[in-house]
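Participant: Under this note's numbering, think of the first position of the sequence shown as 29, with each following residue one higher.
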Amino acid sequence: MKRRSAKVNSLDNVYISEYVKRQLEGKLFRAILDHKFKLARILVEGDVNVNCRLRTGVTPLILICDQKVEDDLRRMQLHLVRCLINRSADVNAKDNFGRTALTYAFLSGDLQLVRLLELNGSSSWIWDVNISFYRQARESVLIISDLNMHFHRWNSNDFAKEIN
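1) Would you mind working out which of 100, 110, 146, 94 sits nearest residue 127, comparing C-alpha positions?
2) For residue 91 and residue 60, which I take to be in contact (beta-carbon distance under 8 Å), what is that distance rounded to the nearest angstrom?
3) In or out: residue 53 buried (at least 16 other Cβ within 10 Å) or exposed?
4) What does the alpha-carbon distance come out to for the pair residue 80 and residue 56?
5) Can you give me the C-alpha to C-alpha distance between residue 112 and residue 88, rounded to a whole angstrom?
6) Are the CB atoms of residue 101 and residue 72 nearer to each other than 9 Å?
7) Candidates 149, 47, 122, 134: which alpha carbon is nearest residue 23's?
8) Let me know the alpha helix (DSSP H) ranges lying completely inside the region 39-99, each 4 residues or longer, listed in chain order.
Written out as structure tokens, the structure is:
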């Protein structure tokens, strides 16, 4: 007697593939947070979506630019950023606060990362107004750059209101 194989609904395959895709994207974010840059690079080279986002709008490129790493991991961090850019990661993607990877790289104080992002098409003008709640001061960052950076920070609500 002929054995029948189980037929799987193609719609189930779509849900399973979406589930696996989300799991791999989560592993990419976790690898970056844990400074496991080699694992993150393997995931990126394995065709994980490099423009995936968390609920806060953070992309893998934004997350890695926000990481402060020790000197022994710097080379691997820069290599992962290059790998993300080569896989068409959006260097001008903004999170829910309107910040780009360049903003986070600048705020983390990583000049090499800032230059790498600028040379790969990141917007060189950044205006970032972060509104703090509970009556705290408003913090504003202005970066004017083409590899010549300026940094301004105001802690006055009155001045920030005048600019807006």
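All C-beta atoms, glycine included, are put in the ideal place defined by N, C-alpha and C.
Facilitator: In brief:
1) 94
2) 5 Å
3) buried
4) 10 Å
5) 8 Å
6) no
7) Nothing can be reported for residue 23: it is not among the residues displayed for the chain, which extend from 29 to 192.
8) 65-73, 88-93
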